[in-house]
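Student: Once you've had a glance at the structure underneath, I'll fire off some questions.
Residue numbers (my numbering): 138 to 239.
Okay, here's the thing in structure tokens:
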């Protein structure tokens with residue numbers, strides 16, 4: 138239950154996937170049109186120029202820095218928890234708030 142409360146906290150950042158709610162069977166999150174970072178890079182890495190690669194890296198670093206500023210710690214950070222929507226990073230946060238021992 139605490140995890141749901143944490144996700145519902147109003148953490149607003151353009152590079153963090155928005156949490157809309159939960160149903161009986163699924164979590165409802167913001168849509169990401171290009172899937173995971175892992176899939177996106179495996180298909181497009183050689184087609185991206187260095188500026189585009191830099192932007193993706195910068196956006197991910199910014200998302201994690203923003204979470205840290207909000208006293209939120211990411212739990213599992215890997216390419217399958219990072220989604221891409223319209224060529225922008227959308228970090229799917231699985232986090233623990235520093236105030237809680239989850």
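In this text, a Cβ means the ideal position worked out from N, Cα and C, and glycines have one as well.
Is it true that the CB of residue 174 sits closer than 9 Å to the CB of residue 200?
Tutor: Cβ distance not < 9 Å, so residue 200 and residue 174 don't count as in contact.
Student: For the beta strand (DSSP E) containing residue 220, name the first residue and the last one.
Tutor: Per DSSP, residue 220 belongs to the beta strand (DSSP E) from 219-222.
Student: State the Cα-Cα distance for the pair residue 195 and residue 166, rounded to the nearest angstrom.
Tutor: Going from the Cα of residue 195 to the Cα of residue 166 covers about 23 Å.
Student: Quick check for students: name the residue ranges of the beta strand (DSSP E) that lie wholly in the region 157-184, counting only runs of 3 or more.
Tutor: Complete beta strand (DSSP E) runs here, min 3: 164-166.
Student: Pull up the distance between the alpha-carbon of residue 156 and that of residue 186, whole angstroms please.
Tutor: Spanning the two alpha carbons is a distance of roughly 31 Å.
Student: Where do the N-terminal and C-terminal ends of the beta strand (DSSP E) with residue 209 fall, by residue?
Tutor: Start and end: 209-211.
Student: With residue 186 as the anchor, note down where its alpha helix (DSSP H) starts and where it stops.
Tutor: Run containing residue 186: none; DSSP gives neither H nor E here.
Student: Relative to the C-alpha of residue 224, which candidate in 162, 149, 202 and 181 has its C-alpha closest?
Tutor: Taking only the C-alpha atoms, the option nearest residue 224 is 181.
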